[in-house]
Amino acid sequence: MADVPPTRMNDQIFKGKKKAAEVGHKLLKKKADALKVKFRDYAKAIAETKSSMSTDAASAFFSMTQAEYAAGNFKQKVAEGSMTARVRVGAGIDNVAGVKLPVFKIYETGVQADNQSLGLVGGGKKIVAVRAKFTVLLEMLIKLASLQTSFVTLDEALKVTNRRVNALENVTIPKIQGILDYIARELDELEREDFTRLKLVQGKKEAEAAEYAKIAAAANKRDDQPENDITANFDAGDDEDVVF
Numbered sequence: 025m026a027d028v029p030p031t032r033m034n035d036q037i038f039k040g041k042k043k044a045a046e047v048g049h050k051l052l053k054k055k056a057d058a059l060k061v062k063f064r065d066y067a068k069a070i071a072e073t074k075s076s077m078s079t080d081a082a083s084a085f086f087s088m089t090q091a092e093y094a095a096g097n098f099k100q101k102v103a104e105g106s107m108t109a110r111v112r113v114g115a116g117i118d119n120v121a122g123v124k125l126p127v128f129k130i131y132e133t134g135v136q137a138d139n140q141s142l143g144l145v146g147g148g149k150k151i152v153a154v155r156a157k158f159t160v161l162l163e164m165l166i167k168l169a170s171l172q173t174s175f176v177t178l179d180e181a182l183k184v185t186n187r188r189v190n191a192l193e194n195v196t197i198p199k200i201q202g203i204l205d206y207i208a209r210e211l212d213e214l215e216r217e218d219f220t221r222l223k224l225v226q227g228k229k230e231a232e233a234a235e236y237a238k239i240a241a242a243a244n245k246r247d248d249q250p251e252n253d254i255t256a257n258f259d260a261g262d263d264e265d266v267v268f
């Protein structure tokens, strides 16, 4: 605080800084609240997705077992075919209160499967069911990956925002307020010193004026008195006659 000169200009400057810090604190508080709401939504969605995915995974692998029982071991034939992907994963951005969250989406490439002849001997329906159930499981995995990635990113953004809110609330704003209080105290002290100095100067001037008035009154009193005639002390009859 001693580095800040206690002037009116600095008082106005730090009042502006305090106002800006309070506005920033208010905006960051709103951002933190919005991120908390989205954070809870993501946590709930992840829990629901995991619960649903466990059932879908169990159903898909059980369907795989049924297909292998009905059509035999067809994994080797699938591996020998074309490995061109029929679906791919694309990345997007979701903006939440200024925080960019990655979003994964699945899209079809349009490639036709070259293993349509599987199951002609037997178990064709089971293989189709396996393909459908594993497609659903893949979609759930991509959705879960998107949710968890966004959840981690949102968690980091929420921590940073909370640190900034706490820094403004507990460090920056109190520090600025302390400087403003220091400037106000120093300005009040300077005003009291100026007032005391002015009172002393005014008292001195009044004393000098009173002294001048007293001197002027004494001078005027002397001027009002008649002047003494030196001939009044002599009588003409007392003088002897002079004979020429």
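For the sequence shown, the numbering used here begins at 25 and goes up steadily by one.
Idealized CB from N, CA, C, for every residue including glycine.
request  = Assign R110 to one of three DSSP states: helix, strand, or coil.
outcome  = Residue mapping note: residue 110 aligns to position 86 of the sequence shown, counting from 1. Coil at R110, not helix or strand.
ask   = What is the DSSP secondary structure of P126, reduced to helix, strand or coil?
value = Numbered from 1 along the sequence shown, position 102 holds the residue referred to as residue 126. Note: P126 maps to strand in three-state DSSP.
query = What's the C-alpha gap between E61 and K54?
reply = One-based indexing of the sequence shown puts residue 61 at position 37. One-based indexing of the sequence shown puts residue 54 at position 30. At residue 61 the sequence reads Val, which differs from the Glu that was named. When rounded, the distance between both Cα atoms is 11 Å.
inquiry  = Cutting at 8 Å between CB atoms, please list the residues of its own chain near I130, excluding the five before and the five after it.
reply    = Start at 1 with the first residue of the sequence shown, and residue 130 comes out as number 106. Around I130: V111, R112, V113, G114, L162, E163, I166.
request  = For M77, I'd like the list of residues in its chain whose CB is within less than 8 Å of its CB, leaving aside the five on either flank, ordered along the chain.
outcome  = In the sequence shown, counting from the first residue as 1, residue 77 sits at position 53. Closer than 8 Å at Cβ, skipping near neighbours: L161, M164, L165, L168.
ask   = What is the DSSP secondary structure of D27, reduced to helix, strand or coil?
value = On the sequence shown, residue 27 is found 3 positions in, with the first residue counted as 1. Coil.
ask   = By a C-beta neighbour count over all protein chains shown, 10 Å radius and 16 as the cutoff for buried, is F268 buried or exposed?
value = As a position in the sequence shown, residue 268 is number 244, starting the count at 1. Residue placement at F268 is poorly supported in this model, since its pLDDT is 48, which falls under 50; the coordinates are not used for a value here.
Bridge partners - A115, DSSP secondary structure assignment = On the sequence shown, position 91 is the one that residue 115 refers to. For A115, which the question treats as bridged, DSSP gives the partners F128.
task = May I have the straight-line CA-CA distance separating F85 from A121, to the nearest angstrom?
result = Residue mapping note: residue 85 aligns to position 61 of the sequence shown, counting from 1. Residue mapping note: residue 121 aligns to position 97 of the sequence shown, counting from 1. Rounded to the nearest angstrom, the two C-alpha atoms are 41 Å apart.
task = With a threshold of 16 other CB atoms inside 10 Å of the CB of I239, please say whether the residue is buried or exposed.
result = As a working mapping, residue 239 is identified with position 215 in the sequence shown. Classification of I239: exposed, given that the 10 Å Cβ count is below 16.
key: Own chain residues within Cβ distance below 7 Å of G116, not counting five before or after   = Residue numbering aside, residue 116 sits at position 92 when the sequence shown is read from its first letter. Excluding residues within five positions, the ones whose Cβ falls inside 7 Å are V127, K129.
Separation of T220 from K42, as counted between CA atoms = If you number the sequence shown from 1, residue 42 lands on position 18. If you number the sequence shown from 1, residue 220 lands on position 196. Roughly 33 Å separates the two Cα atoms.
message = In the DSSP output, what is V176 paired with across the bridge?
response = Position 152 of the sequence shown, counted from the start, is the residue given in the question as residue 176. V176 is not bridged to any residue.
key: Bridge partner(s) assigned by DSSP for V120   = Translated into the one-based positions of the sequence shown, residue 120 becomes position 96. DSSP output for V120 lists V123 as bridge partner(s).
message = Only counting the same chain, and skipping five residues up and downstream in sequence, which positions put a Cβ closer than 8 Å to that of L59?
response = Residue mapping note: residue 59 aligns to position 35 of the sequence shown, counting from 1. Result list for L59: V120, A121, V123, L178, A181, L182, T185, in chain order.
message = Quick check: the Cα distance between V28 and K229, rounded to an integer number of angstroms?
response = Indexing the sequence shown from 1 puts residue 28 at position 4. Indexing the sequence shown from 1 puts residue 229 at position 205. Distance between the alpha carbons of V28 and K229: 37 Å.
query = Is T133 helix, strand or coil when you go by DSSP?
reply = In the sequence shown, the residue the question calls residue 133 occupies position 109. If DSSP states are grouped into helix, strand and coil, T133 belongs with coil.
ask   = Within 10 angstroms of its Cβ, does V225 collect 16 or more other Cβ (buried), or is it exposed?
value = The residue labelled residue 225 in the question sits at position 201 within the sequence shown. V225 comes out exposed.
query = Leaving out five residues before and five after V189 in sequence, what residues of the same chain have Cβ atoms less than 7 Å from its Cβ?
reply = What you label residue 189 is simply residue 165 of the sequence shown in a count that begins at 1. Result list for V189: H49, L52, K53, A56, in chain order.
Environment of V176 [buried if 16+ CB atoms lie within 10 Å] = Counted from its first residue, the sequence shown places residue 176 at position 152. Exposed.
task = Give the single residue among T196, A82, Y206, Q172 whose Cα lies nearest to the Cα of D35.
result = In the sequence shown, counting from the first residue as 1, residue 35 sits at position 11. Minimum Cα distance to D35 is reached at Y206.
Same chain, Cβ closer than 6 Å to I197, neighbours up to 5 away in sequence not counted = Here residue 197 corresponds to residue number 173 of the sequence shown, with the count starting at 1. Cβ within range, chain order: A45.
message = Buried or exposed for K157, going by 16 or more other Cβ atoms inside 10 Å?
response = Translated into the one-based positions of the sequence shown, residue 157 becomes position 133. When all chains shown are included, K157 counts as buried.
query = With 16 as the cutoff for other CB atoms within 10 Å, does Y66 come out buried or exposed?
reply = To locate residue 66, count along the sequence shown from 1; it is residue 42. Buried, by the Cβ-count rule.
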